[in-house]
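Q: Please find one structure pasted underneath; my questions will follow.
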Amino acid sequence: MAGLGPAIHVFLLFLYMQEDVDARIESAHDIVGNNAMSPLIDISGVAKTYGSGTLALSNVSTRIERGSFVSLVGPSGCGKSTLLRMIAGLIEPSSGTIAWPQTENARPKDIGFVFQDATLMPWARVLDNVYLPLKLKGLSLKEAEPRIMDALARVGLADFAQSFPRELSGGMKMRVSIARALVTEPPVLLMDEPFAALDEFTREKLDDDLLDLWASQKWTVIFVTHSVYESVYLSERILVMGARPGRILKDIAVDVPYPRGRPFRESPDFIARCAEVSAALGEGMKR
Ligand SMILES: Nc1ncnc2c1ncn2[C@@H]1O[C@H](COP(=O)(O)OP(=O)(O)OP(=O)(O)O)[C@@H](O)[C@H]1O
Ligand SMILES: [Mg+2]
Numbered sequence: 003m004a005g006l007g008p009a010i011h012v013f014l015l016f017l018y019m020q021e022d023v024d025a026r027i028e029s030a031h032d033i034v035g036n037n038a039m040s041p042l043i044d045i046s047g048v049a050k051t052y053g054s055g056t057l058a059l060s061n062v063s064t065r066i067e068r069g070s071f072v073s074l075v076g077p078s079g080c081g082k083s084t085l086l087r088m089i090a091g092l093i094e095p096s097s098g099t100i101a102w103p104q105t106e107n108a109r110p111k112d113i114g115f116v117f118q119d120a121t122l123m124p125w126a127r128v129l130d131n132v133y134l135p136l137k138l139k140g141l142s143l144k145e146a147e148p149r150i151m152d153a154l155a156r157v158g159l160a161d162f163a164q165s166f167p168r169e170l171s172g173g174m175k176m177r178v179s180i181a182r183a184l185v186t187e188p189p190v191l192l193m194d195e196p197f198a199a200l201d202e203f204t205r206e207k208l209d210d211d212l213l214d215l216w217a218s219q220k221w222t223v224i225f226v227t228h229s230v231y232e233s234v235y236l237s238e239r240i241l242v243m244g245a246r247p248g249r250i251l252k253d254i255a256v257d258v259p260y261p262r263g264r265p266f267r268e269s270p271d272f273i274a275r276c277a278e279v280s281a282a283l284g285e286g287m288k289r
């Protein structure tokens, strides 16, 4: 039974997202009127105490704009995954609110979530793992297959569609999990250290692929990482969190145009921005 826990977790996430909010969300894509100035996600005074008594987050407030790319960095245990799970609606805040003002507070049905662990169904082929969210939407495997293969190709795993998770390396499993999150082309993508287990070369490539997709699909991305370099390279904004109970200590804008590419990675500007984030992170560790 040990392998069932994560799979049920994913399953529940997708079931949860089948809520009856489709129509409001569909129309939200086209909103340009009254709500255009409001953020996509309005997080206000959020705290989370787990049943064990652990105060994971305290008084977190921020606004996430539609189409933005925001990274969360902070010490281990400061509540980054907790915050993502609350945004996805998997768990509720103990106090405070997470509102979706552009969609009458309905959370989007299609939120892609790349969990910190790959959470694949061990008994199912890679193809079937990536099929799961489309299956839950009622698509037959035949209808879904071109999209599944496209998502697998994006993460470089088209040749492994028939493999089982046990036949893959840790990094490959994570890439399957990313393909599963991409396959529905969700407007909101929550990514919890998705590339942490990958080698530097693959990671940089996937960073660039993610930015290309973000630019073309106009996603809103919230990305958790422990890599200061990765956060600066990817993001428009970096929220630096302090040690538990987590709070947002600094909101750093990375006002560098996209596409960024290797010249940015190697520029003095990049190094300076990394130093700024590292300094804020160092402060966060102390508190
Ligand atoms: N389900 C849970 N039940 C009880 N406590 C939990 C649970 N999940 C997380 N916590 C606690 O809440 C705090 C924040 O955990 P969380 O996983 O959100 O941290 P994190 O910032 O994602 O850490 P990491 O960088 O190591 O992934 C930790 O002290 C952790 O022990
Ligand atoms: Mg985490």
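Going by our numbering, the first residue of the sequence shown is number 3, and it counts up by one from there. In this text, a Cβ means the ideal position worked out from N, Cα and C, and glycines have one as well. Just so you know, these numbers come straight off a predicted model, no measurement behind them.
Would you decide whether S54 is buried or exposed? Buried here means 16 or more other CB atoms lie within 10 Å of its CB.
A: S54 should be labelled exposed.
Q: Compute the Euclidean distance between the alpha carbons of R109 and Y133, then round it to the nearest angstrom.
A: Straight-line Cα distance between these residues: approximately 23 angstroms.
Q: Considering only the alpha carbon of each residue, which of V128, L42 and Y235 lies closest to R275?
A: Considering only alpha carbons, the answer is Y235.
Q: Just mark W125 as buried or exposed, buried being the case when its beta carbon has 16 or more other beta carbons within 10 Å.
A: Exposed.
Q: For Q164, which of T105, I250 and N131 has the nearest alpha-carbon?
A: Taking only the C-alpha atoms, the option nearest Q164 is N131.
Q: Compute the Euclidean distance between the alpha carbons of R127 and P167, then round it to the nearest angstrom.
A: Looking at the two C-alpha atoms, the distance is approximately 7 angstroms.
Q: Is Q118 close to ligand 2? I mean its beta-carbon at under 7 angstroms from any heavy atom of the ligand.
A: Yes, the beta carbon of Q118 sits closer than 7 angstroms to at least one heavy atom of ligand 2.
Q: For ligand 1, is there any heavy atom lying closer than 7 angstroms to the beta carbon of G76?
A: Yes, the Cβ of G76 comes within 7 angstroms of a heavy atom of ligand 1.
Q: If you follow the beta strand (DSSP E) that I43 is in, where does it begin and where does it stop?
A: Its beta strand (DSSP E) spans residues I43 to T51.
Q: Does the beta-carbon of K82, which I'm using as the reference point, lie nearer than 7 angstroms to any heavy atom of ligand 2?
A: K82 Cβ: within cutoff of ligand 2.
Q: My parser needs the beta strand (DSSP E) runs of 3 or more residues fully inside the region 84-112; what are they?
A: If we require 3 residues or more, the beta strand (DSSP E) runs fully inside the region 84-112 come out as 97-101.
Q: How about A49 and S63: are their beta carbons less than 8 angstroms apart?
A: Result no, Cβ atoms of A49 and S63 do not sit closer than 8 angstroms.
Q: Can you tell me the Cα-Cα spacing of S269 and A281, whole angstroms?
A: Straight-line Cα distance between these residues: approximately 19 angstroms.
Q: Run through DSSP, which three-state label would F115 get?
A: In the structure shown, F115 sits in a strand (DSSP, three-state: E or B).
Q: Under 8 angstroms by Cβ, that's how I've got I66 and P95 pegged, so tell me the actual separation to the nearest angstrom.
A: Not a contact, Cβ separation roughly 15 angstroms.
Q: On the DSSP bridge list, what partners appear for V234?
A: Answer by DSSP bridge pairing: none, since V234 is not bridged.
Q: Compare the Cα-Cα distances from I224 to each of P103, Y260, S83 and G173 and report the closest residue.
A: Cα-wise, what sits closest to I224 is S83.
Q: Compute the distance between the beta-carbons of L159 and M174, then report whether it is under 8 angstroms.
A: Yes, they are a contact pair.
Q: Going along the chain, which residues of its own chain have a beta-carbon closer than 7 angstroms to the beta-carbon of R267, five neighbours each way excluded?
A: Once the five neighbours on either side are set aside, the close Cβ partners of R267 are Y235.
Q: For the structure I just gave you, are there three or more beta carbon pairs, one from the region 72-87 and one from the region 170-188, closer than 8 angstroms?
A: No, they do not touch.
Q: CB-CB under 7 angstroms to A90, same chain, minus the five flanking residues each way: which ones, in chain order?
A: Only L15, I113, F115 and L192 meet the Cβ criterion.
Q: Can you tell me whether V34 is buried or exposed, with buried defined as 16 or more other CB within 10 angstroms of its CB?
A: Unreliable placement is indicated for V34, whose pLDDT of 39 sits below 50; the coordinate value is still reported in the next sentence. With fewer than 16 other Cβ atoms within 10 Å, it is exposed.
Q: In chain order, which beta strand (DSSP E) runs of at least 3 residues are fully inside the region 243-273?
A: Listed in chain order, the complete beta strand (DSSP E) runs (minimum 3 residues) inside the region 243-273 are 250-255.
Q: Using DSSP with H/G/I as helix, E/B as strand and the rest coil, what is D201?
A: Looking at D201 - three-state DSSP - the assignment turns out to be coil, as it is neither helix nor strand.
Q: Rounding to the nearest angstrom, what Cα-Cα distance links E147 and D214 in this structure?
A: Answer to the nearest angstrom: the Cα atoms are 23 angstroms apart.
Q: Pull up the distance between the alpha-carbon of D210 and that of W216, whole angstroms please.
A: For D210 and W216, the distance between alpha carbons rounds to 10 angstroms.
Q: I'd like the list of long-range same chain contacts for F197, defined as Cβ closer than 6 angstroms, with 5 residues on each side in sequence excluded.
A: Here the set comprises R205 and L208.
Q: Tell me the DSSP bridge mates of D194?
A: The partner list for D194 (beta bridge, DSSP) reads V226.
Q: What would DSSP say about A155, mapped onto helix, strand or coil?
A: A155 falls in the helix class under three-state DSSP.
Q: Would V279 and V226 be called neighbours here (beta carbons separated by less than 8 angstroms)?
A: Result no, Cβ atoms of V279 and V226 do not sit closer than 8 angstroms.
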